[in-house]
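Protein chains in written order, with this note's numbering: chain G, 1 to 303; chain P, 304 to 1075. A virtual CB, placed ideally from N, CA and C, is assigned to each residue, including glycine. Since we're looking at a predicted model, the values are computed, not measured. Below is one structure, written out as structure tokens; comments come after it.
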Amino acid sequence: MTYLKRLPKFEYVSPRSLDEVCGLIAGTSDDEVMLLAGGTDAILQMRRRERVPRRVIGLKGVAELEFVRERADGSLAIGAMTALHTLLSAPAVSQRYDLLRETTAQIGGPELRNVATIGGNIAGALPCADLPPALMTLGARIRLSSQRGDRWLPLDEFFPEFGRTVAEDDELVAEISLPRPASNSGGTYLKFHDRHSMDMTVVGVSAFVVLDDDGRTFRDLKLAYANGAPTVFRARRAETVLRGHALTDEGLEAVAETACAESSPRTSWRANGEYRLELIRALTKRAIRLAWGKASSRKGTKP
Amino acid sequence: MNEQIRREFQVLGKPTPKKDAPLKAAGRAEFADDINMPGMLHGKLLRSPHPHARIVSIDTSRAAALPGVRAVITGKDFPGVRYGNLPRTRDYLPLAIDTVRYIGEEVAAVAAIDEDTAEEALDLLQVEYELLPAVFEPEEAMKPGAPQLHAPAPGNISAHTESQFGDVAAAFAEADYVREDVFETHAVKQGMLEPHACVGVWDSFGKATLWSCKMSPYTVWRQLAMGLDIKPSDIRVVQTYVGGGFSGGKQEAMPMDFCALMLSKKTGRPVKFVHTMEEVLTIGHMRHPMKIWLRTGTTKDGRILAQHCKLLANGGAYSSIGGFSIFLAGAMLNLPYRVPNMKFESDRVYTNNGFCGALRGHTVVQMCFARDSQLERIAEDLGIDPLEIRRRNALHDGDVTPNGFRINTFAFDECITRVAEMSGWYSKRGKLPKYRGIGFGCGAHLSGARLMGHSASAAEIRMLEDGTVHLTTGSTDVGQGVETVMSMIAAEVLGVEVDDVNYLKVDSAATPLDPGTFGSRVTLFTGNAVKQAAEEVCRQLAEIAGERMGVDQQDLVFRKREIINRKDERQRVSLKEIVRWAMFQQGRVITGRGTYGASEEKIDFQTGQGNLSPAYNPTACAVEVEVDPETGFVDVVGLWGADDSGTPLNPMAVRGQVIGAAVMSIGHALYENLIRVDGKVMNPSFRDYKMPQATDLPKLADFQHANVITWEPEGPFGAKEAGQGAGTGVIAALANAIYDATGVRLTRLPMTPESILFGLKGVQQQKGNRGP
């Protein structure tokens, strides 16, 4: 039986600063110590005994990990402990990062968005997570912190395989940075689930389009997928198919075809791989069209 | 006459909010889990991790030694008497003794000072199992050499029924048109929001009391006596508020009930059990998955001459009421149609899955899905309008079906007409944009079944000195509004306000005996008993008032808390005054009793012959869908239903019931699916067991319901059932609508986006093959 049991016994610590967190995780292993962000997945994992940490480090009290800030270089900095609800209500997000707003708004219901965090959605390394595809297509970089110092890396490179990240045991995701989107750009995140709302993603597609100055061709297209493979991933070959070209039905078919070839969705009791591929095909085309439409309507507006 | 009576209603027929609504909305209704008693312990159940195994040994010593644990029990702590519903299907034990038959079956129980300690103790229980081969599909289970689940059931046949009416072979030979189809349905759960919960106290006098959220407390009472092997009179069952029932286990005694009492006996303390939602979704009680083979023969113009149905039901590990489940499927095969010749053969098969029983609409839901899907195909093949074929075959008032159902009122034709109007059927069918479709589906239900054992209801009314009314029956309000409608019936007769009637919850020590709340029986059966009890009170009060007023008691009417001389309305006296005079001066106890038996006619359960219910109600509905051709996703954009629920006594509650029934069927058809892999439930949470949410349903403006009002002579004030029938036609309507939108005919539930998408590809391929 996989009943949700009571929580296992563990020691709970609640540090107040990032330094303190780094000190607490330095020299420990993942099995021993667990970082707790919003806990919407982690608590279930503990109750299913998939994780039985000796010590849980609650990040809620680390104020310096919770911020949404525009930097001087025009980029957006988001603290890992920023709750989804906070992201939704940040003016910078709704003004300039519509793709992020739209994706966040589609996750769960208000109760869940009040506790779930952006950092947790990334660090959980689940292939069905909704934020990583959107963030990848927005060109996100993440800051990993440890006692050894900080390092930055593109989010694209964060998930080497199912359920894992490249973060070392002594590192945590501290910050997400998004470059300011080009003025003639637009993106959308489409996800399919069995019900109309508040449901687990069967397949999610994020498409981000940058138009050429004339607005007639693709300067850039980025595509990333939830549940398209054992990890969230970018379909890099598919992204190149339309670069420099106008939007055509044949072009879209070719992108979708390539994206399917790059995907390796699994068959589980939730959905068959074959069906997920059909969804990838359909949603890729739809997402690109929608993103193109948004980019076109934004063309000429000030960034 | 009927119209006139209705116009004269004082209380009935007016939309009346449920009496307990403010209490529930404010969170003040006390559910079983809200009960706390001094010294109360918390119980937890150890469940089998194996689908089929022999219990070699159970070592409870480590668990018992855990600080905070007060008692540990296993199956051997009970007398080993099997309990259940029908004498030949008693196969439940309070806890497994030597064999477990499905993943989740109860093996041991612990009582401790808190829930966490009790759960920790479960981890310390050491059970040695010897694994046995398991079988999950009925076809496999019936094969020679298959693992046998129960010794008295060779071939794993849990129940078998066969019936034949008319000359089926001759009718098929005569038919112009014959078709056969196979339909498959899946396992769905009740999904009530309140999990099962109980508190048990075994007192020092040897009396056992159980407080629990039971739909049918007297069934629980009897089953507890059976499984504990004590006298029913030593047991008391007290009903708490019920947070939804749907026959998800609250109609029977469950292992938690036995364990709460036995652990209380061992510890001398009250013991509470509350299931987690994961337990609720894992254990037994769910809708039967079925394979339905249906052969129908008609004339050229679509008149049904004969139907032959073979049904195979996956019963799971235990009987529950499965024997009746498959009997009912056969009995209701024909309704709402005239089928002169019918044959029905069915097997319910034991498998190593959670067991099946009833769920809103019982097995009528699956049969209507099969039959009304097939009827649509027949109409298409014969070039008949789908509504017309239904009209041609409709049952009418006064019909007697070949299996002996006597149809009093049955406004099926009018239901069809109303749905056609409300849905705009004729302006939509065949005229909607591509991938949008509309489908029709019909069904029927009965207002309580005449069962072999206990089927009568009773009510008792006692007048209080303040002129208010104390009303007891054995029927429970499970959220459907029994408290309100029974109060309304009493208030109507006694000429008082609904709030003057105090409807008490069932307490086996105080309330009249009753089979319980199931099968849509309460409004009709218990309602008649309440009406009769109130009339008896009126008779007594009229006698006293007549004497006091010097008026012939025949001339007295009860209205607005007064007793009035209808010949001279100036002559009136307050009800309260008469009650007080009778009590204070005459020492009388003003009580009235009423009964409703409906048992003068016996059903022959061997042949299936007999009038199963006092009343039958037809239903029709149309559903409009839009299908996304690239993903197969379905939007239910509109649902229009009409029912003949007789005369709706509380139209507000009727509306809630019919919409609720329709919504449950939408969930069954499109979203809900208890996924089991080798007997293990993969999705035991409301995240993964997908009940429809508000966003999955049509907007309220496109979700309409009409009552076609009839006056059912058997019903109290003309009423029939409203809680189940309305859901029976919905699944076929959805299947027919999806077919209309896409050309994809789905015969297997649930109708998933995947099956629709791949179905569409098949349809497109066929078109391609046919060439331009």
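Does His591 of chain P come out as helix, strand or coil in the three-state DSSP assignment?
Locating residue 591 of chain P in the second sequence gives position 288, counting from the first residue. It is coil, neither helix nor strand.
Report yes or no: do three or more beta-carbon pairs, one from the stretch 642-652 of chain P and one from the stretch 470-489 of chain P, lie closer than 8 Å?
yes
Consult DSSP for His463 of chain P and reduce its assignment to one of helix, strand or coil.
The residue given as residue 463 of chain P occupies position 160 in the second sequence. In this structure, His463 of chain P counts as strand in the three-state DSSP scheme.
Candidates G:Pro132, G:Asp220, G:Glu168 and G:Ser146: which alpha carbon is nearest Pro154 of chain G's?
For the purposes of this step, residue 154 of chain G is identified with residue 154 of the first sequence, where counting begins at 1. With distances taken between Cα atoms, Pro154 of chain G lies closest to G:Pro132.
Is the Cβ-Cβ distance between Ala174 of chain G and Ser145 of chain G less than 8 Å?
Within the first sequence, numbered from 1, the residue matching residue 174 of chain G stands at position 174. Within the first sequence, numbered from 1, the residue matching residue 145 of chain G stands at position 145. Yes, these two residues count as a Cβ contact at 8 Å.
CB-CB length for Gln493 of chain P against Ser519 of chain P, believed under 8 Å:
Taking the second sequence and counting its residues from 1, the one referred to as residue 493 of chain P is at position 190. Taking the second sequence and counting its residues from 1, the one referred to as residue 519 of chain P is at position 216. Not confirmed; about 14 Å, so no contact.
Since Val980 of chain P meets chain G, which of its residues come closer than 7 Å, beta carbon to beta carbon?
For this step, residue 980 of chain P is matched to residue 677 along the second sequence. Under the 7 Å cutoff, chain G gives Trp269.
Is it a yes or a no for the stretch 896-911 of chain P touching the stretch 739-758 of chain P, going by three-plus beta-carbon pairs under 8 Å?
yes
In whole angstroms, give me the CA-to-CA distance for Met304 of chain P and Thr712 of chain P.
In the second sequence, counting from the first residue as 1, residue 304 of chain P sits at position 1. In the second sequence, counting from the first residue as 1, residue 712 of chain P sits at position 409. Bear in mind that a pLDDT of 40 at Met304 of chain P, under 50, signals an unreliable position, so the model cannot answer this.
Residue-level contact to chain G via CB, Leu636 of chain P, 8 Å cutoff
As a first step, residue 636 of chain P is located in the second sequence; it is residue number 333 there, counting from the start. Not an interface residue.
According to DSSP, is Gln889 of chain P helix, strand or coil?
On the second sequence, position 586 is the one that residue 889 of chain P refers to. Gln889 of chain P falls in the helix class under three-state DSSP.
Please confirm whether Asp484 of chain P has its beta-carbon closer than 8 Å to some beta-carbon of chain G.
Position 181 of the second sequence, counting from 1, holds the residue named residue 484 of chain P. Judged by the 8 Å Cβ criterion, Asp484 of chain P is not in contact with chain G.
Alpha-carbon spacing of Asp604 of chain P relative to Ile687 of chain P, whole angstroms
Translated into positions along the second sequence, residue 604 of chain P becomes position 301. Translated into positions along the second sequence, residue 687 of chain P becomes position 384. Spanning the two alpha carbons is a distance of roughly 8 Å.
Which residues does DSSP pair with Glu11 of chain G in a beta bridge?
Locating residue 11 of chain G in the first sequence gives position 11, where the first residue counts as 1. Answer is G:Arg55, bridged to Glu11 of chain G.
Contact belief for Asp220 of chain G with Val210 of chain G at Cβ below 8 Å, rounded distance in angstroms
Start at 1 with the first residue of the first sequence, and residue 220 of chain G comes out as number 220. Start at 1 with the first residue of the first sequence, and residue 210 of chain G comes out as number 210. Confirmed, about 4 Å.
By the criterion of Cβ-Cβ separation under 8 Å, what are the contact partners of Pro995 of chain P in chain G?
On the second sequence, position 692 is the one that residue 995 of chain P refers to. Per Cβ cutoff of 8 Å: Arg195.
Would you grab the beta carbon distance between Glu581 of chain P and Leu4 of chain G for me? Rounded to a whole angstrom, and I think it's under 8 Å.
Indexing the second sequence from 1 puts residue 581 of chain P at position 278. Indexing the first sequence from 1 puts residue 4 of chain G at position 4. So it is a contact: roughly 5 Å between Cβ atoms.
Phe381 of chain P in three-state terms, based on DSSP
Residue mapping note: residue 381 of chain P aligns to position 78 of the second sequence, counting from 1. Correct three-state label for Phe381 of chain P: coil.
For Asn272 of chain G, return the contacting residues in chain P, with the cut-off set at a CB-CB distance below 7 Å.
On the first sequence, residue 272 of chain G is found 272 positions in, with the first residue counted as 1. Per Cβ cutoff of 7 Å: Glu1057.
Starting from Val703 of chain P, trace the alpha helix (DSSP H) both ways and give me its first and last residue.
Along the second sequence, one-based indexing puts residue 703 of chain P at 400. Element bounds for Val703 of chain P: n/a, residue is neither H nor E.
Kindly indicate if chain P contains any beta-carbon less than 8 Å away from that of Lys191 of chain G.
On the first sequence, residue 191 of chain G is found 191 positions in, with the first residue counted as 1. No, Lys191 of chain G lies away from the interface with chain P (no Cβ there is under 8 Å from its Cβ).
Specify, as a first and last residue, the run of the alpha helix (DSSP H) that Ile624 of chain P falls within.
One-based indexing of the second sequence puts residue 624 of chain P at position 321. Premise fails: Ile624 of chain P is in no alpha helix (DSSP H) and is neither H nor E.
Where does Lys302 of chain G sit, in a helix, a strand or coil, going by DSSP?
Within the first sequence, numbered from 1, the residue matching residue 302 of chain G stands at position 302. Unreliable positioning characterises Lys302 of chain G in this predicted model, as indicated by a pLDDT of 45, which lies under 50. The coordinate reading is nonetheless provided below. Coil, per DSSP.
Which same chain residues end up closer than 7 Å to His245 of chain G when comparing Cβ atoms and leaving out the 5 residues on each side of it in sequence?
On the first sequence, residue 245 of chain G is found 245 positions in, with the first residue counted as 1. Only Thr217, Phe218 and Gly251 meet the Cβ criterion.
So Arg6 of chain G contacts chain P; which residues on that side make the cut at Cβ distance below 9 Å?
On the first sequence, residue 6 of chain G is found 6 positions in, with the first residue counted as 1. Correct list: Glu418, Asp419, Glu422 and Glu423.
Can you find the residues in the same chain that come closer than 7 Å, C-beta to C-beta, to Val384 of chain P, ignoring five residues on each side of it along the sequence?
Against the second sequence, residue 384 of chain P aligns to sequence position 81. Met529, Gly530 and Asp532.
For Pro498 of chain P and Ile586 of chain P, what's the separation of their Cα atoms in angstroms?
Your numbering for residue 498 of chain P matches position 195 in the second sequence. Your numbering for residue 586 of chain P matches position 283 in the second sequence. Roughly 12 Å separates the two Cα atoms.
Along the stretch 794-819 of chain P, what residues have a CB closer than 8 Å to any CB found in chain G?
none
Does Pro1075 of chain P come within less than 8 Å of chain G when only Cβ atoms are used?
The residue labelled residue 1075 of chain P in the question sits at position 772 within the second sequence. Summary for Pro1075 of chain P: the model assigns pLDDT 48, below 50, so the residue's position carries little reliability, and this model does not support an answer.
Would you list, in sequence order, the uninterrupted alpha helix (DSSP H) runs of no fewer than 4 residues that lie entirely inside the stretch 61-137 of chain G?
84-89, 91-96, 98-105, 110-115, 118-123 and 131-137
Looking at the structure shown, is Leu374 of chain G part of a helix, part of a strand, or coil, going by DSSP?
Beyond the ends of chain G as shown, which are 1 and 303, falls residue 374 of chain G; an answer cannot be given.
Neighbouring residues, chain P, relative to Leu279 of chain G (Cβ below 7 Å)
In the first sequence, counting from the first residue as 1, residue 279 of chain G sits at position 279. Ordered by position in chain P, the residues that pass the 7 Å Cβ test against Leu279 of chain G are Thr934.
Determine, using beta-carbon pairs with one atom in the stretch 452-464 of chain P and one in the stretch 920-937 of chain P, whether at least three such pairs fall under 8 Å.
no
For Cys501 of chain P, name the three-state secondary structure that DSSP assigns.
Position 198 of the second sequence, counted from the first residue, corresponds to residue 501 of chain P. Strand, per DSSP.
For a minimum of 4 consecutive residues, which ranges assigned as the alpha helix (DSSP H) are wholly contained in the stretch 713-785 of chain P?
715-726 and 728-731
Same chain only: Cβ atoms within 7 Å of Phe312 of chain P, ignoring 5 sequence neighbours per side:
Locating residue 312 of chain P in the second sequence gives position 9, counting from the first residue. Contacts found: Glu795.
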